[in-house]
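Chemist:
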Amino acid sequence: IDNLDRCLPQNAIQTLEAIRLFLFLPKTAFVIAADEDMIRTSVSEYFKGTSARHHIDYLDKLIQVPIRVPRTGLLEIRSYLFLLHAVNAGIEEDLIEDLRLALEKSLQESWHEDPMKKEDALKVLKCEGNIELAIAFDQVDRIAPIFATSPIIHGNPRIVKRLLNIVKMRSNIAKRRKISLDENVITKLVIFERCAGEEAANALYSMIDTNKNFKKIISELESKKLDELPDSVPSVWRKDDTTSDFILKWLELEPKLSDKDLRAAVYLSRETMPAGHYVLGLSPKAREALNILVATKRKSSQAASRALKDISNEEFIPVMEGIIEHLRNITEWSSQPDGFAGAILIADNNIDAAKILKRFIAGINEQPHWMNMLIKDKTWNK
């Protein structure tokens, strides 16, 4: 019986009670795979008012032979990563099976033998000349300890596979968008997102996106081995010892980031950004277009027209939000401010972006004459 811990408390306990009725029959046995803590929680929900001792006794009386699955260790995670990379590299199934058997034998003998070397793994796969796979295997030795010891990942194979899937997805998007970005950089950032948490990742991407002291801070952190994070880093990176300790280990991973332009990586990481942070996560071309449109004085601007061609359909809305964020700082509307013409141009090209501008204009108490003249004939303003 599997997935019992995913049932509602009432269904889980009723299933266990039904099992109890059959336990007195000869030659009858049940194998139950479940999270013990979840079942104890179900017991407390179903039998309300009972003590913690009763919750423990309930399972102890029902389960005769408890078998606890040991936590995945460093060597198991390392072997699993070797296999995942081999699968992603499109290696033949027979060779992958040979590698699985070799890794399995290595794990069985790990108590008295050194683990399989990555060179030997490549030899089993007959891929000694595959540079890309060799680089991936090199990276395994660096990231496996983090996957195995992180209190967020806990060596969970499902999480490990999910992280590698995210890396592959972003790498494929980068290739389709003709963004030059090393897959090792994507991997390092994905690990940060998962282990440091959303707030810390947002702080990192905000620094990259706004170019606010990022290279200076990261260069300082990567240039020397630190025992603790300095005050110059975002405060959320130092909110607890677990986060700080992880970031210190993460900084030692290759590749180094201080000499890289990571704005494209932020663009690929948009699904991790909280709703409302529209300007964060723009592609490099869209960000350049935003900078031009914010400074645009006239609708006839040639630079603005060229900038519009660099904005993809899905980026019109975040670019409009960026311009509106700029216009919100305007307090005197007697003359047309820089950027308003850029907003008009965006609205003329995208109806959803036009709705955002229309709402903003409606919020201006006294609309000046020049504004009314600009928008009176616009179909999106009807």
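If you want this note's numbering, it's the 1-based position in the sequence shown plus 1.
For glycine and all other residues, C-beta sits at the position ideal for the given N, C-alpha and C.
#1: Going by beta carbon distance, what residues of the same chain come within less than 8 Å of K218, once the five residues before and after it are set aside?
#2: To the nearest angstrom, report how far apart M274 and N203 are at their CA atoms.
#3: Determine which residues share a DSSP beta bridge with D183 and list them.
#4: Tell me the DSSP secondary structure of D3 in three-state form.
#5: Cβ of I33 within 8 Å of Cβ of L9?
#6: What does the alpha-carbon distance come out to for the pair D3 and S43?
#7: Express the C-alpha separation of D99 and Y279 in angstroms, rounding to a whole number.
#8: In whole angstroms, what is the alpha-carbon distance linking I331 and P338?
#9: In whole angstroms, give me the CA-to-CA distance for A268 and I365.
#10: Which runs of the alpha helix (DSSP H) at least 4 residues long sit entirely within the stretch 206-259? Give them in chain order.
#11: Could you tell me the alpha carbon to alpha carbon distance between V88 and F138, rounded to whole angstroms?
#12: May I ask which residues mark the beginning and end of the alpha helix (DSSP H) holding D58?
#13: My output table needs one value for A401: the three-state DSSP class, helix, strand or coil.
#14: Out of H370, L63 and F341, point me to the one whose CA is closest to L294's CA.
#15: Keeping to the same chain, check which residues put their C-beta closer than 6 Å to that of A103; ignore five residues upstream and five downstream.
#16: Closest by CA to L205, which one among I376, E255 and A266?
#17: Excluding sequence positions up to five away, which residues of its chain have a Cβ less than 8 Å from the Cβ of P231?
#18: Alpha carbon to alpha carbon, how far is V168 from Q368?
#19: Starting from G343, trace the alpha helix (DSSP H) in both directions and tell me its first and last residue.
#20: Does the separation of the CB atoms of F23 and T29 fall below 8 Å?
#21: Of the choices A344, V237, N185 and T51, whose alpha-carbon is the least far from that of M372?
#22: Using DSSP's beta-bridge definition, name the partner residues of A265.
#23: Quick check on the burial criterion: 16 or more other C-beta atoms within 10 angstroms. Buried or exposed for F25?
#24: What runs of the alpha helix (DSSP H), each 4 residues or longer, lie entirely inside the stretch 53-124?
#25: Given A276, which residues of its chain have a CB within under 8 Å of its CB, disregarding the five upstream and five downstream residues?
#26: Of the residues P67, S52, L328 and W112, which one's Cα is nearest the Cα of L291?
#27: Please report the residue range of the alpha helix (DSSP H) in which I324 lies.
#28: Would the stretch 66-80 count as touching the stretch 146-165 if we require 3 or more Cβ pairs under 8 Å?
#29: Mark P319 as exposed unless 16 or more other C-beta atoms lie within 10 angstroms of its C-beta, in which case mark it buried.
Modeler: So, from the data block:
#1: Your numbering for residue 218 matches position 217 in the sequence shown. Lys is not the amino acid found at residue 218; the sequence shown has Ile there. So the list reads M208, S233 and V234, once near-sequence residues are dropped.
#2: Mapped onto the sequence shown, residue 274 falls at position 273. Mapped onto the sequence shown, residue 203 falls at position 202. With a pLDDT of 45 at M274, under the threshold of 50, the modelled position of this residue cannot be trusted; read the value that follows with caution. So the two alpha carbons sit approximately 7 Å from each other.
#3: Stepping through the sequence shown from its first residue, residue 183 is reached at position 182. None; D183 has no bridge partner.
#4: Locating residue 3 in the sequence shown gives position 2, where the first residue counts as 1. Reduced to three states, the DSSP call for D3 is strand.
#5: Counting from one through the sequence shown, the residue named residue 33 turns up at place 32. Counting from one through the sequence shown, the residue named residue 9 turns up at place 8. No, they are not a contact pair.
#6: Counting from one through the sequence shown, the residue named residue 3 turns up at place 2. Counting from one through the sequence shown, the residue named residue 43 turns up at place 42. So the alpha carbons of these two residues sit roughly 16 Å apart.
#7: Counted from its first residue, the sequence shown places residue 279 at position 278. Counted from its first residue, the sequence shown places residue 99 at position 98. With a pLDDT of only 40 at Y279, under 50, the local geometry of the prediction cannot be trusted, and the value read off the model is given with reservation. Approximately 48 Å, taken between the alpha carbons.
#8: Position 330 of the sequence shown, counted from the start, is the residue given in the question as residue 331. Position 337 of the sequence shown, counted from the start, is the residue given in the question as residue 338. Using only the alpha carbons, I get a separation of about 8 Å.
#9: Within the sequence shown, numbered from 1, the residue matching residue 268 stands at position 267. Within the sequence shown, numbered from 1, the residue matching residue 365 stands at position 364. For the sequence presented, residue 268 should be read as Tyr rather than Ala. Distance between the alpha carbons of Y268 and I365 is about 32 Å.
#10: Listed in chain order, the complete alpha helix (DSSP H) runs (minimum 4 residues) inside the stretch 206-259 are 215-224 and 242-252.
#11: Along the sequence shown, one-based indexing puts residue 88 at 87. Along the sequence shown, one-based indexing puts residue 138 at 137. Using only the alpha carbons, I get a separation of about 12 Å.
#12: Numbered from 1 along the sequence shown, position 57 holds the residue referred to as residue 58. Looking at the DSSP string, the run of the alpha helix (DSSP H) that includes D58 is A53 to L63.
#13: Nothing about residue 401 can be reported from this structure: the residues present for the chain run from 2 to 383 only.
#14: Counting from one through the sequence shown, the residue named residue 294 turns up at place 293. For L294, the nearest C-alpha among the options comes from F341.
#15: Position 102 of the sequence shown holds residue 103. Closer than 6 Å at Cβ, skipping near neighbours: V125.
#16: What you label residue 205 is simply residue 204 of the sequence shown in a count that begins at 1. Looking at the Cα atoms, A266 is the closest of the given residues.
#17: Taking the sequence shown and counting its residues from 1, one reaches residue 231 at position 230. Excluding sequence neighbours, P231 sits near E221 and L222.
#18: Taking the sequence shown and counting its residues from 1, one reaches residue 168 at position 167. Taking the sequence shown and counting its residues from 1, one reaches residue 368 at position 367. Their backbone Cα atoms lie some 48 Å apart in a straight line.
#19: Your numbering for residue 343 matches position 342 in the sequence shown. Unbroken alpha helix (DSSP H) run through G343: F341 to N350.
#20: Locating residue 23 in the sequence shown gives position 22, counting from the first residue. Locating residue 29 in the sequence shown gives position 28, counting from the first residue. Yes, the pair counts as a contact, with Cβ atoms nearer than the cut-off.
#21: Sequence index remark: in the sequence shown, residue 372 carries index 371 (1-based). In this structure, A344 is the residue among A344, V237, N185 and T51 with its C-alpha nearest to the C-alpha of M372.
#22: Here the question's residue 265 lines up with position 264 in the sequence shown. Note: A265 sits in no beta bridge, so no partner.
#23: Along the sequence shown, one-based indexing puts residue 25 at 24. F25 is exposed by the Cβ-count criterion.
#24: Runs found: 53-63, 75-89 and 94-109.
#25: Residue numbering aside, residue 276 sits at position 275 when the sequence shown is read from its first letter. Residue confidence is low: A276 scores 35 on pLDDT, short of 50, so the model does not pin down where it sits. Its coordinate-derived value is still stated next. Around A276: no qualifying Cβ.
#26: Position 290 of the sequence shown, counting from 1, holds the residue named residue 291. The shortest Cα separation from L291 among P67, S52, L328 and W112 belongs to L328.
#27: Position 323 of the sequence shown, counted from the start, is the residue given in the question as residue 324. Counting along the chain, the alpha helix (DSSP H) containing I324 begins and ends at F317 to L328.
#28: yes
#29: Position 318 of the sequence shown, counted from the first residue, corresponds to residue 319. Flag for P319 reads buried.
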